[in-house]
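Participant: In our numbering, the protein residues as written are 1 to 231.
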Ligand code: NAD
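#1: In whole angstroms, give me the CA-to-CA distance for residue 97 and residue 184.
#2: For residue 222, does the three-state DSSP call read helix, strand or coil?
#3: Excluding the 5 residues flanking residue 158 on each side, which residues of the same chain have their C-beta closer than 7 Å to its C-beta?
#4: Quick one: does the C-beta of residue 209 sit closer than 8 Å to a heavy atom of the ligand NAD?
#5: So the candidates are 203, 65, 178, 171; which of them puts its Cα closest to the Cα of residue 11?
#6: So what does DSSP say about residue 147, is it helix, strand or coil?
#7: Which residue or residues does DSSP assign as beta-bridge partners of residue 31?
#8: Just reading off the beta strand (DSSP E) that residue 37 is part of, what are its end residues?
#9: Say whether the segment 175-191 touches the segment 112-131, bearing in mind that this needs 3 or more beta-carbon pairs closer than 8 Å, one atom from each stretch.
#10: When every heavy atom of the ligand NAD is checked, does at least one fall within less than 8 Å of the C-beta of residue 136?
#11: Out of 8, 14, 2, point me to the one whose CA is closest to residue 228's CA.
#12: Please state if the CB of residue 149 and the CB of residue 193 are separated by a distance shorter than 9 Å.
#13: So which of 26, 16, 19 has the shortest CA-CA distance to residue 7?
#14: Tell me, to the nearest whole angstrom, how far the beta carbon of residue 155 is from that of residue 170; I am working on the premise that it is less than 8 Å.
#15: With a cut-off of 8 Å on the beta carbons, I'd call residue 147 and residue 90 a contact; round off their distance for me.
#16: In the DSSP assignment, find the alpha helix (DSSP H) that holds residue 126 and state where it starts and stops.
#17: From which residue to which residue does the alpha helix (DSSP H) around residue 90 run?
#18: Please confirm whether any heavy atom of the ligand NAD lies closer than 8 Å to the CB of residue 153.
#19: Residues in the same chain with beta-carbon distance under 8 Å from residue 199, minus the five sequence neighbours each way, listed in chain order, please.
#20: How many whole angstroms separate the CB atoms of residue 61 and residue 77, which I take to be in contact at a CB cut-off of 8 Å?
Written out as structure tokens, the structure reads:
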């Protein structure tokens, strides 16, 4: 229960790595601000997850919104402030892929991935840091606040056929390092977690048939593909 009385916002927290992160943070005692994009399907998934979290004894606030839209992000942080009064941890998890060979990649595919995987992390981090600085230090933590970006091994490893995704994660590495340098003195901690292949909806074509999975396994130095709970 290391995170008792702490509030964590997880973006894209309904599925995959985001959901596993929500469950682990809650298991460690954190109350959760759960972000997801508004849809009927997501509403049902959110209700199920909220019930699981409440059964664990945690408080939960659902904060719908698209993290690549500035107005949505501002609304998300205002709701958190109003409901919880503060935020301790931001997990920038929401992300997507729109794959194409470079010469066939449309501007829309390029822009969408940069908007969600990089601009979204910028918008959420900016609001979180503003909130951490306003609140000031307290005796609950050695840090003023924490930001954890779910980046990727592709922040350093090139990825042919995924120029938009690899570029977004490479830039996310530089964003993390720059924010750590800029706000480290004020005790704001910023880290990236860089998973290899994890079996989630984002990369279904890479594991949902034997041929693809066999090809993927040649790149993984273990005897299995990673699971969201590993992260
Ligand atoms: P996922 O598709 O299960 O989860 C991504 C979540 O982000 C989804 O719930 C989706 O609805 C949400 N999302 C997408 N755009 C959004 C937006 N604009 N606003 C709010 N939410 C949005 O995939 P995942 O594998 O769990 O991905 C989570 C993170 O992990 C991503 O940033 C991804 O790049 C990263 N990652 C995944 C792998 C992998 O192999 N699965 C490896 C390295 C890094």
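Beta carbons are placed, not taken as given, at the ideal position from N, Cα and C, and that holds for glycine.
Facilitator: With the structure as the only source:
#1: 31 Å
#2: coil
#3: 166
#4: Outside the cutoff, so no.
#5: Closest option to residue 11, Cα to Cα, is 65.
#6: strand
#7: Residue pairing of residue 31 in beta bridges, as defined by DSSP: 7.
#8: Here residue 37 belongs to no beta strand (DSSP E), and DSSP marks it neither H nor E.
#9: In the pairwise beta carbon analysis, the segment 175-191 is classified as touching the segment 112-131: at least three pairs are separated by under 8 Å.
#10: no
#11: 14
#12: yes
#13: 26
#14: 5 Å
#15: 5 Å
#16: 120-135 is the extent of the alpha helix (DSSP H) around residue 126.
#17: First-last for residue 90: 89-92, but that is the beta strand (DSSP E), not the alpha helix (DSSP H).
#18: yes
#19: Excluding sequence positions up to five before and after residue 199, its CB lies within less than 8 Å of the CB of 207, 225, 226, 227, 228, all in the same chain and listed in chain order.
#20: Not confirmed; about 11 Å, so no contact.
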